[in-house]
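To keep things clear, I will list the structure first and then write my remarks on it.
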Amino acid sequence: MNDILFQPLQFRNLTVKNRLFRSSISGRIDHYDGSGTQARINWEKKFAKGGVGAIISSHIPVDPAQRILPNYAMIDRDDLIPFWKEVVKSVHEYDCKFIGQLSMSGHQQDIRGVENRYRLPLSSVDGSEHFHGITGKAMSTKQISEAVRKFAEAAGRARAAGMDGVELHASNGYLFTQFLSSAINNRKDEYGGSLENRARFLMEVVEAVRAETGDDYHFQVKMNAADHHDDYFLNFGKGNTLNEGITVARWLEKAGVDALHVSVGSQFPHPRNPIGPLPVESAAITYPAMIPSGHLSFWNYLTFRYKIFWPLIQWLWRRKQPDVMEGINLAQCKAIKDAVTIPVLCTGGFQTASLIRNALENSFCDGVTIARPLMANPTLPLMFKEGLDGAPKPCSYCNKCLAHVLVDPLGCYDESRYDSYEEMMDEIMSIFKNEYF
Ligand SMILES: Cc1cc2nc3c(=O)[nH]c(=O)nc-3n(C[C@H](O)[C@H](O)[C@H](O)COP(=O)(O)O)c2cc1C
Ligand code: SF4
Numbered sequence: 230m231n232d233i234l235f236q237p238l239q240f241r242n243l244t245v246k247n248r249l250f251r252s253s254i255s256g257r258i259d260h261y262d263g264s265g266t267q268a269r270i271n272w273e274k275k276f277a278k279g280g281v282g283a284i285i286s287s288h289i290p291v292d293p294a295q296r297i298l299p300n301y302a303m304i305d306r307d308d309l310i311p312f313w314k315e316v317v318k319s320v321h322e323y324d325c326k327f328i329g330q331l332s333m334s335g336h337q338q339d340i341r342g343v344e345n346r347y348r349l350p351l352s353s354v355d356g357s358e359h360f361h362g363i364t365g366k367a368m369s370t371k372q373i374s375e376a377v378r379k380f381a382e383a384a385g386r387a388r389a390a391g392m393d394g395v396e397l398h399a400s401n402g403y404l405f406t407q408f409l410s411s412a413i414n415n416r417k418d419e420y421g422g423s424l425e426n427r428a429r430f431l432m433e434v435v436e437a438v439r440a441e442t443g444d445d446y447h448f449q450v451k452m453n454a455a456d457h458h459d460d461y462f463l464n465f466g467k468g469n470t471l472n473e474g475i476t477v478a479r480w481l482e483k484a485g486v487d488a489l490h491v492s493v494g495s496q497f498p499h500p501r502n503p504i505g506p507l508p509v510e511s512a513a514i515t516y517p518a519m520i521p522s523g524h525l526s527f528w529n530y531l532t533f534r535y536k537i538f539w540p541l542i543q544w545l546w547r548r549k550q551p552d553v554m555e556g557i558n559l560a561q562c563k564a565i566k567d568a569v570t571i572p573v574l575c576t577g578g579f580q581t582a583s584l585i586r587n588a589l590e591n592s593f594c595d596g597v598t599i600a601r602p603l604m605a606n607p608t609l610p611l612m613f614k615e616g617l618d619g620a621p622k623p624c625s626y627c628n629k630c631l632a633h634v635l636v637d638p639l640g641c642y643d644e645s646r647y648d649s650y651e652e653m654m655d656e657i658m659s660i661f662k663n664e665y666f
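Quick note: the sequence shown uses this note's numbering, first residue 230, plus one each step.
In structure tokens, the structure reads:
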């Protein structure tokens, strides 16, 4: 088959059968202690079966005190390796590769687990993040070294579990962004100030992961091309620019990273990621879970709860959003790709075969990663293979899945895409039914 969509992508240490990757989609479907469930296995299998070449896992916390929400499968202990072996085995059955995304939340911790109930999550800085007002505490240099060690050990466990590679979640507001971003990091030591200093933590982790996993293991980094921190906030700077993103990309390549996964946005969610409206109606239902988390979360809740605030909050959210939904990050991704020689993956709204083909043929990226459109249509790659340009019922980018993730199972919650509410629930709950697979 000559279609570029289905040509293998050759990384230095890994070959993926096509150019369609499942991007990370996190959800609270595991046990509180970080051990995994059959539902997680079923979830991943669903996409492998649907034809993607590789799955990038939802973020896997490398330390319980650094998890974004409880009930995510973690990789902070050796006894979790057998579970991940099962996940890997089940997606390999479909000739699909599995890349584990290693993460630390920093202060962007939506719902605290018991481990941080009476203490603050560690971040690059003291004080609170700007969206929910969740407060963190600046890490000491000793705590930074411990974090570096935890990432490296987790990467070793990922390899021991048979994962085909690891990705660092160094984008979208989590701990690495809290160090990298000039809009967030105000440290006065060697981890703050210049871009080189702000990137120091990331580069130390890269070096430690490489040392732990060896030179023959696939290792990629999800990074921000740019922060666009002022897209939502009227009173803060824009954070890292595209030029700074390009510099970090070059440093990562030089440090031996095998691929880059390009995203944007200094926080999660962000007006550009995932692109679409702020799902205020769904958020009004699920956001109360976050009210204790931050000093701005009660105010946010009121704006979601009362319609009178919706025009204001949607204006803030949409005022700098580009009109384009699909391939929103392509231009910035191309700027990164032009600056490095390693393969570059791009995230952001992809769900049309012709558009993806065009992006690949014109060297905007080497592969695309897809989250919501695959949640809406897990067999999208098979549809492309059959010659369809898109799914009959595409993802509407409504972002309801995102709002639900705080308290409900993973899935597509746009009822208008289903024949009935019952059909929607059947689809969402299917991952809990083993006989479904
Ligand atoms: C419910 C949900 C959970 C997500 N979880 C993660 C995550 O754990 N790690 C990550 O890097 N990105 C996460 N993302 C972002 C996606 O991987 C992707 O980069 C983003 O949604 C844009 O792609 P899309 O338009 O194909 O959805 C999540 C997105 C959604 C909607
Ligand atoms: S709820 Fe469904 S349609 Fe809406 S953004 Fe999520 S996956 Fe797409």
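Where is the CB? At the ideal position from N, CA and C, for every residue including glycine.
Close Cβ partners of His633 (< 7 Å) along its chain, the five nearest in sequence each way excluded: The residue labelled residue 633 in the question sits at position 404 within the sequence shown. Counting only Cβ-Cβ distances below 7 Å, and skipping sequence neighbours, we find Ser511, Thr515 and Tyr642.
So what does Asn502 bridge to, in DSSP terms? Here residue 502 refers to the residue found at position 273 when the sequence shown is read from its first residue. Paired residues: His499.
For Val281, the nearest candidate out of Ile373, Lys326 and Cys594 (CA to CA): On the sequence shown, position 52 is the one that residue 281 refers to. Of the listed residues, the one whose Cα sits closest to Val281 is Lys326.
Whole-number beta carbon distance between Met368 and Ser357, since they are thought to touch under 8 Å: Position 128 of the sequence shown, counting from 1, holds the residue named residue 357. Position 139 of the sequence shown, counting from 1, holds the residue named residue 368. In fact, because the Cβ distance is near 16 Å, the residues do not count as touching under 8 Å.
I need the straight-line Cα distance from Phe235 to Ser583, nearest angstrom please. Looking up residue 235 in the sequence shown gives position 6. Looking up residue 583 in the sequence shown gives position 354. In a straight line, the C-alpha of Phe235 is about 13 Å away from that of Ser583.
Ser625: CB within 7 Å of a non-hydrogen atom of ligand 2: Locating residue 625 in the sequence shown gives position 396, where the first residue counts as 1. Within the cutoff, so yes.
I need the DSSP call for His633, collapsed to helix, strand or coil. Locating residue 633 in the sequence shown gives position 404, where the first residue counts as 1. The answer is helix: DSSP assigns His633 an H, G or I state.
Taking Asn453 as part of the beta strand (DSSP E), name the residues at either end of that continuous run. Locating residue 453 in the sequence shown gives position 224, counting from the first residue. Run containing Asn453: His447 to Asn453, per the beta strand (DSSP E) assignment.
Let me know if Thr370 comes out buried or exposed under the rule of 16 or more other beta-carbons within 10 Å of its beta-carbon. Taking the sequence shown and counting its residues from 1, the one referred to as residue 370 is at position 141. Answer is exposed; the Cβ neighbour count stays below 16.
For Gly279, does the count of other Cβ atoms within 10 angstroms reach 16, so buried, or fall short, so exposed? Here residue 279 refers to the residue found at position 50 of the sequence shown. So Gly279 ends up on the buried side.
Is Val438 helix, strand or coil by DSSP? By one-based count along the sequence shown, residue 438 stands at place 209. Three-state DSSP puts Val438 in a helix.
Please tell me whether, using a cut-off of 7 Å, the distance from the CB of Arg646 to the nearest non-hydrogen atom of ligand 1 is below it. As a working note, residue 646 is residue 417 in the sequence shown. Result no, Cβ not under 7 Å from ligand 1.
Please go through the stretch 539-598 and give each complete beta strand (DSSP E) segment of 3 or more residues, from N-terminal end onward. 573-576
Where Met654 sits in the DSSP three-state scheme: If you number the sequence shown from 1, residue 654 lands on position 425. Met654 falls in the helix class under three-state DSSP.
Pick helix, strand or coil for Pro667, following the three-state DSSP scheme. Because the chain here runs from 230 to 666, residue 667 falls outside it and cannot be looked at.
Out of Thr470, Arg388, Trp480 and Ser495, which has the shortest C-alpha to C-alpha gap to Tyr446? The sequence position of residue 446 within the sequence shown is 217, counting from 1. Among Thr470, Arg388, Trp480 and Ser495, the Cα nearest to that of Tyr446 belongs to Arg388.
Which of the three DSSP states, helix, strand or coil, is assigned to Ser278? Position 49 of the sequence shown, counted from the first residue, corresponds to residue 278. The question names Ser, yet the displayed sequence has Lys at residue 278. It is helical.
Inter-residue spacing [alpha-carbon to alpha-carbon] between Gln267 and Ala302: For the purposes of this step, residue 267 is identified with residue 38 of the sequence shown, where counting begins at 1. For the purposes of this step, residue 302 is identified with residue 73 of the sequence shown, where counting begins at 1. Each residue's alpha carbon lies about 11 Å from the other.
With distance defined between alpha-carbon atoms, name the residue in Arg429, Ile413, Gly335 and Ser411 nearest to Glu419. Within the sequence shown, residue 419 is the residue found at index 190, counting from 1. Cα-wise, what sits closest to Glu419 is Arg429.
Using 10 angstroms around the beta-carbon of Thr570, count the other beta-carbons present and answer buried if the total reaches 16, otherwise exposed. For the purposes of this step, residue 570 is identified with residue 341 of the sequence shown, where counting begins at 1. It counts as exposed.
Tell me which same chain residues have a C-beta within less than 7 Å of the C-beta of Phe579, skipping the five on either side of it? Within the sequence shown, the letter at position 350 stands for residue 579. The residues are Glu555, Gly556, Ile585, Val597, Ile599 and Pro602.
Expressed to the nearest angstrom, what Euclidean distance is found between the alpha-carbon atoms of Gly394 and Arg346? For the purposes of this step, residue 394 is identified with residue 165 of the sequence shown, where counting begins at 1. For the purposes of this step, residue 346 is identified with residue 117 of the sequence shown, where counting begins at 1. Looking at the two C-alpha atoms, the distance is approximately 33 Å.
Do the stretch 470-485 and the stretch 513-529 meet, that is, are 3 or more Cβ pairs less than 8 Å apart? no
Kindly examine ligand 1 and report whether one of its heavy atoms sits closer than 7 Å to the Cβ of Asn300. In the sequence shown, residue 300 corresponds to position 71, counting from 1. Because no heavy atom of ligand 1 lies under 7 Å away, the Cβ of Asn300 does not count as near it: no.
Secondary structure at Arg534, three-state DSSP: helix, strand or coil? Taking the sequence shown and counting its residues from 1, one reaches residue 534 at position 305. In the structure shown, Arg534 sits in a helix (DSSP, three-state: H, G or I).
Quick one, which of Arg241, Pro623, Arg296 and Ala384 has its alpha-carbon nearest Tyr261's? Here the question's residue 261 lines up with position 32 in the sequence shown. When only C-alpha atoms are compared, the closest one is Arg296.
Nearer than 7 Å: is that true of the beta carbon of Lys275 relative to any heavy atom of ligand 2? Position 46 of the sequence shown, counted from the first residue, corresponds to residue 275. For ligand 2, not one heavy atom lies less than 7 Å from the Cβ of Lys275.
Cβ-based burial, Ile328 [other Cβ within 10 Å; buried from 16]: Walking along the sequence shown from the start, residue 328 turns up at place 99. Label assigned to Ile328: buried.
Can you check whether the CB of Gly365 is closer than 8 Å to the CB of Phe497? Here residue 497 corresponds to residue number 268 of the sequence shown, with the count starting at 1. Here residue 365 corresponds to residue number 136 of the sequence shown, with the count starting at 1. Taking 8 Å as the Cβ cut-off, Phe497 and Gly365 do not qualify as a contacting pair.
Please report how far the alpha carbon of Pro503 lies from the alpha carbon of Asn628, in whole angstroms. Numbered from its first residue, the sequence shown carries residue 503 at position 274. Numbered from its first residue, the sequence shown carries residue 628 at position 399. Rounded to the nearest angstrom, the two C-alpha atoms are 7 Å apart.
Going by CA-CA distance only, name the one from Gln330, Leu481 and Pro350 that's closest to Gln338. Here residue 338 is taken as the residue at index 109 of the sequence shown, counted from 1. If we check each option's Cα against that of Gln338, Pro350 comes out closest.
Can Ser526 and His361 be called in contact, C-beta distance under 8 Å? Residue 526 sits at position 297 when you count from the first residue of the sequence shown. Residue 361 sits at position 132 when you count from the first residue of the sequence shown. Cβ distance < 8 Å, so Ser526 and His361 count as in contact.
Kindly indicate which three-state DSSP category His288 falls into: helix, strand or coil? Here the question's residue 288 lines up with position 59 in the sequence shown. In this structure, His288 counts as strand in the three-state DSSP scheme.
Inter-residue Cα distance where the pair is Pro237 and Asn426: In the sequence shown, residue 237 corresponds to position 8, counting from 1. In the sequence shown, residue 426 corresponds to position 197, counting from 1. Cα-Cα distance, rounded: 37 Å.
Less than 7 Å separating the Cβ of Lys662 from some heavy atom of ligand 1? Here residue 662 is taken as the residue at index 433 of the sequence shown, counted from 1. Lys662: no, Cβ never under 7 Å from ligand 1.
Rounded C-alpha distance that separates Phe666 from Asn271: Stepping through the sequence shown from its first residue, residue 666 is reached at position 437. Stepping through the sequence shown from its first residue, residue 271 is reached at position 42. Reliability fails at Phe666, whose pLDDT of 42 lies under 50, so the model's placement of it is uncertain and the value that follows must be treated cautiously. Rounded to the nearest angstrom, the two C-alpha atoms are 7 Å apart.
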